[in-house]
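Chains as they are written, first to last, in my numbering: chain R, 132 to 478; chain G, 132 to 478; chain W, 132 to 478; chain E, 132 to 478.
Note sheet for the following structure.
Protein chains: 4
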Amino acid sequence: MATKKDFLKEVIQHIDIKKHDVVPLVDSMGEMAFSARDLNRAAGIYDKMIKDKECGIILTLAGSLFSAGLKKLVFDLVNNNMVDAIVSTGALMIDQDFFEALGYKHYKGTPFSDDNFLRELHIDRIYDTYIDEDELRVCDETCAKIFNSLEPHPYSSRELLWEFGKYLENNGGPKVDDSVIYAAYKKNVPIFVPAFSDCSAGFGFIIHQTQNPDKHVSIDSAKDFLELTQIKLKSRETGIFMIGGGVPKNFTQDIVVAADILEEDAPMHKYAVQITVADVRDGALSSSTLKEASSWGKVETTFEQMVYSEATVAMPLVAGYAYHKGSWKDRKPREFQKLFTKETVAS
Amino acid sequence: MATKKDFLKEVIQHIDIKKHDVVPLVDSMGEMAFSARDLNRAAGIYDKMIKDKECGIILTLAGSLFSAGLKKLVFDLVNNNMVDAIVSTGALMIDQDFFEALGYKHYKGTPFSDDNFLRELHIDRIYDTYIDEDELRVCDETCAKIFNSLEPHPYSSRELLWEFGKYLENNGGPKVDDSVIYAAYKKNVPIFVPAFSDCSAGFGFIIHQTQNPDKHVSIDSAKDFLELTQIKLKSRETGIFMIGGGVPKNFTQDIVVAADILEEDAPMHKYAVQITVADVRDGALSSSTLKEASSWGKVETTFEQMVYSEATVAMPLVAGYAYHKGSWKDRKPREFQKLFTKETVAS
Amino acid sequence: MATKKDFLKEVIQHIDIKKHDVVPLVDSMGEMAFSARDLNRAAGIYDKMIKDKECGIILTLAGSLFSAGLKKLVFDLVNNNMVDAIVSTGALMIDQDFFEALGYKHYKGTPFSDDNFLRELHIDRIYDTYIDEDELRVCDETCAKIFNSLEPHPYSSRELLWEFGKYLENNGGPKVDDSVIYAAYKKNVPIFVPAFSDCSAGFGFIIHQTQNPDKHVSIDSAKDFLELTQIKLKSRETGIFMIGGGVPKNFTQDIVVAADILEEDAPMHKYAVQITVADVRDGALSSSTLKEASSWGKVETTFEQMVYSEATVAMPLVAGYAYHKGSWKDRKPREFQKLFTKETVAS
Amino acid sequence: MATKKDFLKEVIQHIDIKKHDVVPLVDSMGEMAFSARDLNRAAGIYDKMIKDKECGIILTLAGSLFSAGLKKLVFDLVNNNMVDAIVSTGALMIDQDFFEALGYKHYKGTPFSDDNFLRELHIDRIYDTYIDEDELRVCDETCAKIFNSLEPHPYSSRELLWEFGKYLENNGGPKVDDSVIYAAYKKNVPIFVPAFSDCSAGFGFIIHQTQNPDKHVSIDSAKDFLELTQIKLKSRETGIFMIGGGVPKNFTQDIVVAADILEEDAPMHKYAVQITVADVRDGALSSSTLKEASSWGKVETTFEQMVYSEATVAMPLVAGYAYHKGSWKDRKPREFQKLFTKETVAS
């Protein structure tokens with residue numbers, strides 16, 4: 132009879148873009164057609180964002196990217212000043228990044244599994260990847276522990292993610308050397324998770340708020356929106372690098388309109404790149420073109436490019452290209468986290 | 132020179148499933164293959180949920196459904212006790228339902244538009260649909276007005292959506308006869324929007340919190356999660372009818388785990404149906420199969436069915452089938468809103 | 132131990148569009164957005180083709196449509212003068228239509244099968260549909276028998292399909308009342324299969340040509356192209372109703388260019404409708420837009436519409452709409468088969 | 132006013148896999164999840180085919196690959212004994228490879244074109260690529276010229292493709308150094324185009340057969356099927372590397388069944404790899420899984436892998452991986468063309 136150990140054997144390893152100089156390959160793709168040429172153009176636009184001294188760069192993340200081996204890639208972007216703010220789903224940051232920072236792993240699996248049998252073994256499946264459900268429960272409880280330790284009032288997710296970084300700092304550091312939350316904490320790169328209850332942290336909140344029915348920590352995603360808009364107003368010029376769609380894409384596009392509501396004439400996002408397989412024909416936001424976003428006054432159409440590819444293939448090429456072009460070497464960190472220092476970082 | 136009026140001429144009209152008895156058509160589809168047979172099975176499972184006296188039904192909505200003519204359909208589900216709770220994106224409830232309740236409309240457009248020109252005219256585009264940006268700004272401001280009128284403390288989105296219903300009640304009722312927010316208010320069907328700042332309400336919050344920096348309304352999506360979990364614990368048996376994926380899908384699947392954390396042995400969702408075009412091969416949650424959800428202990432595999440179709444085509448067939456089967460006639464409203472009455476509804 | 136019989140129990144039944152008046156439903160879809168509105172427009176264009184007295188209608192078929200229950204639908208189009216020529220894949224005509232005319236059936240299955248076990252049982256799977264491999268072998272052999280009976284020279288596929296119709300006529304008629312090949316034979320609707328060796332007929336040819344190495348029947352798809360072009364030149368105005376893409380789509384679009392090569396100034400296809408889920412971003416012909424075809428001078432852009440839907444759901448709505456609008460009642464059969472009478476039909 | 136020259140300026144350039152050692156990158160992808168890991172596995176299986184001394188390798192090609200910059204890649208596979216037979220669409224071989232061998236080019240364009248204007252300028256568009264329609268007409272006429280020069284009888288497409296190679300040889304060689312047809316001619320790699328009338332050659336046939344109504348060249352795709360089956364019977368072990376689906380995929384999978392009809396117990400394809408974006412849920416052959424093919428007795432399930440990616444991105448990685456692994460260096464050419472020498476090559 133197979134046991135949990137039989138399934139959780141081969142650890143997912145994160146790709147290291149620093150080891151693969153894809154510049155000549157991606158340059159060649161620029162002379163081809165279809166997705167290859169689109170990918171090349173997207174990589175070039177991302178490099179342009181990095182070169183543009185005036186431009187703040189916002190990375191949006193959706194989809195199960197870190198369990199799929201793209202965590203170190205984002206870590207490298209943060210660490211090398213290639214991104215100034217992150218807007219993400221909760222699962223990526225908590226169930227995957229924080230989870231690995233606690234010392235747990237993701238494992239190679241297969242989509243052709245017997246899910247009822249996996250459930251009996253307490254193994255969760257993400258397409259072709261396995262997770263130890265019992266380890267995830269520890270992650271949930273660690274979230275509850277962090278919330279229990281905080282002053283009971285409404286927080287933006289940015290504040291809470293910063294607390295997660297601090298928790299790692301105060302508990303011997305992350306157990307891995309590529310934690311995105313921890314790197315962002317050290318580099319003052321704010322992380323926003325607009326739907327923060329929709330992940331392991333949500334389970335932490337369930338425990339925390341049930342145990343503390345009257346006075347407890349709450350998450351104010353309106354504050355998230357206000358804070359990200361303040362970053363837009365501070366930076367003026369912005370570029371967005373989007374992986375997948377969902378709330379992170381919509382939320383980040385919307386801050387242009389929000390900025391326009393607070394101060395007339397906020398500029399649109401000057402650069403916009405998205406990697407996605409979503410089909411435009413369902414009319415949903417995740418697949419909506421960047422040209423469509425321009426009708427809303429959110430994205431300029433000069434430097435925008437969508438790339439039709441699953442992220443694990445395209446993102447190492449796009450991000451690797453920008454890394455090896457090296458424009459980040461002359462780029463100063465924007466440290467947008469410091470905009471909010473009085474509230475949280477000084478504590 | 133074309134003006135805004137030239138573009139905003141043909142109003143989108145919502146389909147009325149009551150007028151189309153699709154039962155024989157959908158029954159025929161059950162004898163075919165591919166999506167037709169899947170659609171038939173999904174319709175049958177939805178009808179089973181309605182027949183099952185023990186089962187609470189949660190509808191999850193993502194994608195630009197109401198601007199596309201599916202609003203009255205959801206209104207009819209609410210009004211005829213075919214759904215007991217809704218988990219939705221913010222855009223659907225505020226930018227589209229509340230927006231139309233204020234008397235505004237969506238208009239037929241085309242995906243082959245010059246988006247820069249549309250922007251100059253203050254017209255927003257959703258694929259093949261146009262919206263008057265100036266009317267949306269009024270919607271934003273109305274949200275701010277509602278928030279300004281409330282006691283300044285953290286709210287669940289459910290509480291706020293209820294306040295939107297009350298606002299309509301107190302201001303002469305909605306200007307249309309198919310408002311989902313208003314019907315849900317009258318029928319005590321709670322509506323959850325876990326990423327509530329990610330829509331027109333977010334702009335309202337930006338205004339409200341900027342005007343009231345010290346004391347203001349905030350949204351606590353952790354409370355959302357707790358409340359929806361309480362509904363699960365109350366109902367025990369549940370069925371989910373999902374249109375699109377995104378946060379609403381994930382959030383609603385997760386309450387089984389949340390319930391399990393609060394009380395051992397919460398049952399999985401007994402029935403699950405999803406209409407989506409998302410491709411499973413990107414590994415993201417929106418496209419993840421309901422079988423995969425079963426590895427997480429979220430969904431039972433006996434009565435689950437995904438339908439590969441854009442929602443405007445499949446949803447009238449699935450919902451229309453269940454409507455004309457008539458099992459809802461014997462179904463009592465669950466009025467889950469009353470679970471939380473002491474907090475808000477009594478006010 | 133499961134046997135073949137346990138798997139081949141539930142017969143696929145073909146939808147009867149005559150029984151479902153979908154006109155009000157499809158009309159309602161025209162007031163919505165996204166695929167529903169596209170579907171309505173496509174249905175309207177198909178009806179326009181039927182009303183246009185000058186227009187010859189070519190139906191192109193790709194994908195496993197008849198095994199999925201769409202055979203009687205095409206039969207009804209042929210029988211009611213709603214289509215004047217068919218361009219198809221070989222599998223549809225031989226492995227599926229002729230196969231059922233011989234008395235065999237397709238069966239409901241599931242995509243979650245153990246394919247190695249199915250192979251041992253001689254069961255072939257098409258996604259969620261099962262076929263008896265041994266019955267298919269009889270179909271292969273029947274093809275060989277027909278080829279053995281013919282004068283050994285090159286034939287167009289149109290000529291051969293006509294011979295299949297004649298074979299059914301001379302052998303007691305088809306064993307079903309909805310054979311497309313037989314209806315086309317009786318109604319003088321030519322059927323073209325440009326890649327005719329790529330199906331059960333190919334196996335028949337393998338047997339026939341191996342047994343008759345020196346003198347044998349061969350298939351000349353160049354002749355197909357010439358003949359279909361002659362139909363275009365005869366009809367002048369044409370409309371195309373395309374299900375899926377592939378060779379049938381390309382081949383049929385190309386006859387405009389071929390006609391232009393033979394006689395200057397052949398008109399483009401005046402009407403064009405395609406139902407497909409293929410994604411335009413791979414640059415392939417199957418997904419290429421009808422606007423792109425217009426750059427090639429193949430399709431006019433005034434009355435063209437693509438519908439993003441799997442065929443089993445959309446085709447009954449589009450074809451059913453045109454059937455119940457009834458414009459076909461005033462339409463005379465074009466009997467394009469008679470253009471080639473001297474060669475084959477008289478025999 | 133823009134002229135044709137303004138549009139046909141930037142030439143598509145073919146990627147040179149020899150210049151990009153992607154082995155470390157693709158190896159890293161093998162430790163990730165989703166498409167990256169699938170791509171790694173596919174590359175490994177292709178390398179295994181090359182290493183397997185008993186295995187004949189068949190490459191199937193569908194989609195507009197050569198106009199997109201993948202021609203030199205296939206040229207390199209042929210030239211380095213990494214493929215023993217090719218099954219292709221006609222457009223790839225004639226409209227794209229032979230077209231470029233005549234000295235013409237493909238040009239970078241954009242999907243956001245005014246197709247009516249392009250048509251006026253005699254520019255054909257393939258998604259984001261432009262072609263000079265007048266040059267294509269020269270290609271059509273050259274085909275006619277070749278057919279006019281041949282003995283009038285039925286040919287397999289393989290024989291005709293070989294004649295195209297000979298034509299290039301006898302007319303000063305191709306005007307480019309990466310012609311696939313010419314390399315295959317020199318290396319005795321047979322090329323099959325089962326739907327050969329469905330391309331520029333079809334226009335050549337229209338001209339040829341119209342000018343020579345009584346005695347003319349015809350194409351016998353049944354002979355194609357028989358010949359490819361003979362290769363299977365000769366090689367016994369086979370591996371297939373499929374780009375896209377369509378007729379080339381189906382045709383090549385079917386030869387196992389054909390071989391089984393001619394001689395009992397022909398082995399299934401031992402290795403099978405497919406790169407495609409087609410969605411399995413439409414039930415069509417192009418998207419059908421290799422596991423499904425195994426129910427038909429066509430493909431073994433031990434070494435099969437589908438990769439969900441547009442070809443311009445994935446094919447350089449898969450083929451480049453196999454190239455730089457270098458297993459081809461020890462591989463002898465199979466020269467399957469010589470199986471048929473008596474008929475054509477000796478002439």
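Even for Gly, the Cβ is constructed at its ideal location relative to N, Cα and C.
Just so you know, these numbers come straight off a predicted model, no measurement behind them.
Shown here for Ala-314/G: same chain residues with a beta carbon closer than 6 Å to its own, the five before and five after excluded, namely Phe-206, Val-209 and Asn-210 in chain order.
Here Pro-344/R is exposed. Its C-beta has fewer than 16 other C-beta atoms within 10 Å. A direct Cα-to-Cα measurement between Ala-415/E and Glu-368/E gives close to 27 Å. The beta carbon of Ser-331/R lies closer than 8 Å to those of Gly-221, Ala-222, Ile-225, Asp-226, Phe-229, Phe-230, Leu-267, Cys-270, Asp-271 and Cys-274 in the same chain, with the five residues before and after it left out. Residue-level contact by beta carbon holds for Ser-198/W and chain G, with a gap shorter than 8 Å. If the five residues before and after Glu-441/G are omitted, its C-beta is found closer than 7 Å to the C-beta atoms of Val-408, all from its own chain and listed in chain order.
In the DSSP assignment, Asp-255/W falls within the beta strand (DSSP E) that extends over 254-257. Within the model, the alpha-carbon separation for Ala-326/E versus Lys-354/W is close to 12 Å. Taken in chain order, the complete alpha helix (DSSP H) segments of 4 or more residues contained in the stretch 280-310 of chain R are 288-301. Neighbours of Val-153/E across chain R, judged by C-beta separation under 9 Å: His-151, Val-153 and Leu-156. Closest in alpha carbon position to Asp-215/R, among Met-180/R, Gly-335/R and Asp-309/R, is Met-180/R. Interface criterion met: the Cβ of Asn-247/R is under 8 Å from a Cβ in chain G.
Within chain G, Ile-143, Ile-146, Ala-199, Gly-200 and Thr-443 have C-beta atoms less than 7 Å from the C-beta of Met-163/W, given in sequence order. Taking a Cβ-Cβ cut-off of 8 Å, the neighbours of Ile-337/W in chain E comprise Ala-353, Phe-356, Leu-357, Thr-360, Ala-389, Ile-392 and Leu-393, given in sequence order. Rounded to whole angstroms, the gap between the alpha carbons of Ala-232/W and Arg-172/G is 29 Å. With the rule of 3 Cβ pairs closer than 8 Å, the stretch 380-388 of chain G counts as touching the stretch 186-199 of chain G. Non-local beta-carbon contacts of Val-411/G in its own chain, meaning distances under 8 Å to residues more than five positions away in sequence, involve Ser-418, Ser-419 and Thr-420 in chain order. Chain R has no Cβ within less than 8 Å of the Cβ of Arg-256/W. Between Val-311/W and Lys-460/W the beta-carbon gap is near 21 Å, outside 8 Å, which marks them as no contact. Under the three-state reduction of DSSP output, Tyr-313/W falls in the helix class. Chain W has a Cβ within less than 8 Å of the Cβ of Val-408/E.
Collapsing the DSSP output to three states places Thr-220/R in coil.
Judged by DSSP in its simplified three-state form, Ile-337/R adopts helix. Glu-185/W sits in coil when the DSSP states are folded into three classes, being neither helix nor strand.
Contacts between Ala-415/E and chain R, judged by CB atoms closer than 8 Å, are missing: the closest CB pair is about 16 Å apart.
Contact between Pro-285/R and Ser-349/G holds: their C-beta atoms lie close to 4 Å from each other, under 8 Å. Rounded to the nearest whole angstrom, the C-alpha separation of Ser-287/W and Val-444/E is 39 Å.
For the C-beta of Ala-424/G, not a single chain W residue is nearer than 7 Å; the gap to the nearest is close to 15 Å. Collapsing the DSSP output to three states places Val-153/E in coil.
As the crow flies, the alpha-carbon of Ile-257/W is around 10 Å from that of His-237/W. Check the Cα spacing between Lys-317/G and each of Asp-329/G, Ile-338/G and Phe-295/G: the tightest is with Phe-295/G.
Nearest to Lys-276/W by C-alpha distance, out of Tyr-298/W, Gln-405/W and Gln-361/W, is Tyr-298/W. In the structure shown, the three-state DSSP call for Gln-361/E is helix.
Taking 8 Å as the cut-off, the Cβ atoms of Val-430/G and His-400/G count as close. Taking the C-beta atoms as reference points, Phe-138/E is found no nearer than 8 Å to Gly-234/E. In its chain, beyond the 5 residues on either side, Thr-360, Lys-363, Leu-364 and Ala-397 have a beta carbon closer than 6 Å to the beta carbon of Ala-390/E.
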